[in-house]
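A.B. asks: Dumping the structure here so I can ask a few things about it.
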Amino acid sequence: MFNNFPSIIFKNVSKKFFLQEDKTFKEALPSLLLGKPWAKEFSALNDISFEIKCGETVGIVGNNGAGKSTILKLIAGVTVPTEGAIKVNGNVAPLIELGAGFHQELSGLENIYLNAAILGMHKKEIDLVIDKIIDFSGLAGFIHQPLKRYSSGMYTRLGFAVAVCVNAPILLIDEVLAVGDVGFQKKCLNHLKKIKQRKDKIIIFVSHSEQSVKNFCERVILINQGRLLDDGPAKIVFDKYHQLNSEKV
Amino acid sequence: MFKQLIKPFVSYKYLLFQLTTREIKARYKQSIIGYAWIIFNPLLQLLVYSFVFSVIFRFPTGGIPYSIFLFVGLLPWIYLQTSLSSSALVLVDNSNLLKKVYFPREILPYSIILAKSIDLALSLLLLAGFMLFYRIPFHPAIIFTVPLLLLQIILMCGISLLLSSANLFYRDIQYVTTLMLLMWMYLTPIVYPLSLIPGNLVWLYKLNPMVGIIEGYRSSVFNYPFDLGTILWSIISSLTIFILGFWFFKKSEKVFADIA
Chain A
1 MFNNFPSIIF KNVSKKFFLQ EDKTFKEALP SLLLGKPWAK EFSALNDISF
51 EIKCGETVGI VGNNGAGKST ILKLIAGVTV PTEGAIKVNG NVAPLIELGA
101 GFHQELSGLE NIYLNAAILG MHKKEIDLVI DKIIDFSGLA GFIHQPLKRY
151 SSGMYTRLGF AVAVCVNAPI LLIDEVLAVG DVGFQKKCLN HLKKIKQRKD
201 KIIIFVSHSE QSVKNFCERV ILINQGRLLD DGPAKIVFDK YHQLNSEKV
Chain B
1 MFKQLIKPFV SYKYLLFQLT TREIKARYKQ SIIGYAWIIF NPLLQLLVYS
51 FVFSVIFRFP TGGIPYSIFL FVGLLPWIYL QTSLSSSALV LVDNSNLLKK
101 VYFPREILPY SIILAKSIDL ALSLLLLAGF MLFYRIPFHP AIIFTVPLLL
151 LQIILMCGIS LLLSSANLFY RDIQYVTTLM LLMWMYLTPI VYPLSLIPGN
201 LVWLYKLNPM VGIIEGYRSS VFNYPFDLGT ILWSIISSLT IFILGFWFFK
251 KSEKVFADIA
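Written as structure tokens, this is what we have:
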């Protein structure tokens, strides 16, 4: 049953974006007539190759705008590479950011079903884990309240609870843990560690908190200005990361 | 292509269901009369149009009470109008989602059309009530409204796919949509009968695919002979628009997350 093991392969992946500048018609028309490109190209990722195998927990670090989120988008399949090839084996559950996939007017419970459906689950599957999700979020007392009454921390709890309970083989966690309170953060990390010990999933972890990345991931990928600078054990990669940032100063 | 076409209804049917209920539930939250708006809105429009076009203008409707004549055309039109104007915005409104999770994106406009179908079903009860009140008999031909409605839905899906994706590139589309719907309504025999169109222009007028569909509804409900040629044109043009819309949507889908 080789196919049951999740895996991610990036092969010489490059991603270019078009920066669409605000132009008035008067400015846009001449450049169009003269055959100038209508938008500037921006290279977000450049020749990135790596392979992540089943059971690995990988941190992705880099400065703002380095291309971390673009990598997550490519893994999630919402965008396609300009060059190169990506092979993702297994369902991907991104931890949905605050707001996305939730509806303010619907209750917490309704939002759990909505969010889990967006992550690709069917009703019967959700029914099986709904108690677990509510329990994990710690929001049992508010679950019938509309979401607009929730605080931003409660939002995150709900989103996190859904994402970890949907049982997708690939989990993408992007900087969201920072929002919950200390108790909930601990709970999440403990839960993720449990998932990690089972060695049957891939967890991709993007964070600016060196402590939590080091705590959690053995392997770290360092991205800088769209290029892969280093890929290896957390400690060595972070040394390089610090060196990179001190050079700049 | 066929596999792609039915994917949202097979592998993603629960998501489609969830997005549709979200659309229905969320719409009338924090309003006093809530779902009653579904009935109230067409009823008010009916009153205004009836006053203007049966009291002031007095359109000839061949012995059928004007309000019934109007309702048979107006209800499917409201269905089209509300669906298209909402679905033009649906991808923009959900751009957060487009950037995060993969699912067949056409589910979003489809969910709008499904949600508005519930409105249509409820307002059809109102029409049935009116027909009973005016003692209009229910002919067996009324069954032909079903395939005509399906045809209208195919046309609406095609246009929604075009509008929603185009609006993601240029927001002008949502304003164009409002204008287009207004003009389109007056170029379709909804508030007036087709018989008022000058004979030498009828062929041009009938290029509008909604003409055959709306006239078809009237033929089925009032048991008139069907204008088969016009309906055939509606079938051909609606299918063409759907295929074009689907093709354009699937082509542009790859960059949705980059430009949203």
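Line by line, the protein sequences give chains A and B.
So for the first sequence, UniProt numbering puts the first residue at 1; every next one is plus one.
So for the second sequence, UniProt numbering puts the first residue at 1; every next one is plus one.
Cβ coordinates follow ideal geometry from the N, Cα and C atoms, glycine included.
Keep in mind the model is a prediction, meaning the values are calculated, not measured.
1) Are there three or more Cβ pairs, one per stretch, closer than 8 Å when the segment 84–92 of chain A is compared with the segment 162–177 of chain A?
2) Residue 60 of chain A bridges to which residues according to DSSP?
3) With C-beta atoms as the reference, is residue 176 of chain B less than 9 Å away from residue 59 of chain B?
4) Given this structure, state the Cα-to-Cα distance separating residue 103 of chain A from residue 183 of chain A, to the nearest angstrom.
5) Is there a Cβ from chain B that is less than 9 Å from the Cβ of residue 106 of chain A?
6) Out of B:200, B:225, B:239, point me to the one whose CA is closest to residue 210 of chain B's CA.
7) Give me the residue from A:63, A:164, A:7, A:195 with the minimum Cα distance to residue 228 of chain A.
8) According to the neighbour-count rule (16 or more other Cβ atoms, all chains shown, within 10 Å of its Cβ), is residue 194 of chain A buried or exposed?
9) Is it buried or exposed, residue 61 of chain A, if we count other Cβ atoms within 10 angstroms and call 16 or more buried?
10) Among A:85, A:68, A:42, A:111, whose alpha-carbon lies nearest the alpha-carbon of residue 13 of chain A?
11) Return the residue from the list B:22, B:232, B:228, B:70 that minimises the CA-CA distance to residue 114 of chain A.
12) Closer than 9 Å, CB to CB, is residue 80 of chain A near chain B or not?
13) Can you pull the chain A residues whose beta carbon is under 8 Å from the beta carbon of residue 103 of chain B, in chain order?
14) Between which two residues does the alpha helix (DSSP H) carrying residue 46 of chain A extend?
15) Alpha carbon to alpha carbon, how far is residue 46 of chain B from residue 151 of chain A? Give it in angstroms, no decimals.
16) Nearest by alpha-carbon distance to residue 154 of chain A: which of A:144, A:73, A:137 is it?
17) For the putative contact between residue 230 of chain B and residue 206 of chain B, defined by C-beta atoms under 8 Å, what is the C-beta separation to the nearest angstrom?
18) Roughly how far, in whole angstroms, is the beta-carbon of residue 205 of chain A from the beta-carbon of residue 217 of chain A, given that I think they are within contact range, below 8 Å?
19) Roughly how many whole angstroms lie between the Cα atoms of residue 198 of chain B and residue 173 of chain B?
20) If you run the structure through DSSP and keep just helix, strand and coil, what is residue 93 of chain A?
21) Exposed or buried, which one is residue 81 of chain B when buried takes at least 16 other CB atoms within 10 Å?
22) In the DSSP assignment, find the unbroken alpha helix (DSSP H) run with residue 167 of chain B in it and report its ends.
23) Please report the residue range of the beta strand (DSSP E) in which residue 227 of chain A lies.
24) Can you give me the Cβ contacts of residue 53 of chain A inside the same chain, cut-off strictly under 6 Å, excluding the 5 residues immediately before and after it?
25) Output the boundary residues of the beta strand (DSSP E) element that contains residue 111 of chain A.
26) Does DSSP classify residue 248 of chain B as helix, strand or coil?
27) With 16 as the cutoff for other CB atoms within 10 Å, does residue 207 of chain A come out buried or exposed?
C.D. replies: In short, the structure shows the following:
1) yes
2) Here the question's residue 60 of chain A lines up with position 60 in the first sequence. Note: residue 60 of chain A sits in a beta bridge opposite A:206, A:221.
3) Counted from its first residue, the second sequence places residue 176 of chain B at position 176. Counted from its first residue, the second sequence places residue 59 of chain B at position 59. Not closer than 9 Å, so no.
4) Taking the first residue of the first sequence as 1, we reach residue 103 of chain A at position 103. Taking the first residue of the first sequence as 1, we reach residue 183 of chain A at position 183. Looking at the two C-alpha atoms, the distance is approximately 26 Å.
5) Stepping through the first sequence from its first residue, residue 106 of chain A is reached at position 106. Yes, residue 106 of chain A counts as interfacial toward chain B.
6) For the purposes of this step, residue 210 of chain B is identified with residue 210 of the second sequence, where counting begins at 1. Comparing Cα positions, the closest option is B:239.
7) Counting from one through the first sequence, the residue named residue 228 of chain A turns up at place 228. Checked all of A:63, A:164, A:7, A:195; the closest Cα to residue 228 of chain A is A:63.
8) Working through the first sequence from its first residue, we reach residue 194 of chain A at position 194. That one is exposed.
9) Translated into positions along the first sequence, residue 61 of chain A becomes position 61. Buried: at least 16 other Cβ atoms inside 10 Å.
10) For the purposes of this step, residue 13 of chain A is taken as residue 13 along the first sequence, with counting starting at 1. The shortest C-alpha separation from residue 13 of chain A is found at A:85.
11) Within the first sequence, numbered from 1, the residue matching residue 114 of chain A stands at position 114. Here the closest residue by C-alpha is B:22.
12) Walking along the first sequence from the start, residue 80 of chain A turns up at place 80. Closer than 9 Å to some Cβ of chain B, the Cβ of residue 80 of chain A qualifies, so yes.
13) Taking the second sequence and counting its residues from 1, one reaches residue 103 of chain B at position 103. Ordered by position in chain A, the residues that pass the 8 Å Cβ test against residue 103 of chain B are 118, 120.
14) The residue labelled residue 46 of chain A in the question sits at position 46 within the first sequence. Careful: residue 46 of chain A lies outside any alpha helix (DSSP H), inside the beta strand (DSSP E) at 40–52.
15) Position 151 of the first sequence, counting from 1, holds the residue named residue 151 of chain A. Position 46 of the second sequence, counting from 1, holds the residue named residue 46 of chain B. Cα to Cα, the separation comes out at about 44 Å.
16) Translated into positions along the first sequence, residue 154 of chain A becomes position 154. Among A:144, A:73, A:137, the Cα nearest to that of residue 154 of chain A belongs to A:137.
17) In the second sequence, the residue the question calls residue 230 of chain B occupies position 230. In the second sequence, the residue the question calls residue 206 of chain B occupies position 206. That pair is a contact at about 5 Å.
18) Position 205 of the first sequence, counted from the first residue, corresponds to residue 205 of chain A. Position 217 of the first sequence, counted from the first residue, corresponds to residue 217 of chain A. That pair is a contact at about 6 Å.
19) Your numbering for residue 198 of chain B matches position 198 in the second sequence. Your numbering for residue 173 of chain B matches position 173 in the second sequence. Taking the straight line from one Cα to the other gives about 32 Å.
20) On the first sequence, position 93 is the one that residue 93 of chain A refers to. Residue 93 of chain A falls in the strand class under three-state DSSP.
21) Counting from one through the second sequence, the residue named residue 81 of chain B turns up at place 81. So residue 81 of chain B ends up on the buried side.
22) Against the second sequence, residue 167 of chain B aligns to sequence position 167. Unbroken alpha helix (DSSP H) run through residue 167 of chain B: 145–169.
23) For the purposes of this step, residue 227 of chain A is taken as the residue at position 227 of the first sequence. Unbroken beta strand (DSSP E) run through residue 227 of chain A: 227–233.
24) Looking up residue 53 of chain A in the first sequence gives position 53. Closer than 6 Å at the Cβ level, and outside the excluded window around residue 53 of chain A, lie 7.
25) For the purposes of this step, residue 111 of chain A is taken as the residue at position 111 of the first sequence. Per DSSP, residue 111 of chain A belongs to no beta strand (DSSP E); it is in the alpha helix (DSSP H), 108–118.
26) Stepping through the second sequence from its first residue, residue 248 of chain B is reached at position 248. If DSSP states are grouped into helix, strand and coil, residue 248 of chain B belongs with the helices.
27) Within the first sequence, residue 207 of chain A is the residue found at index 207, counting from 1. That one is buried.
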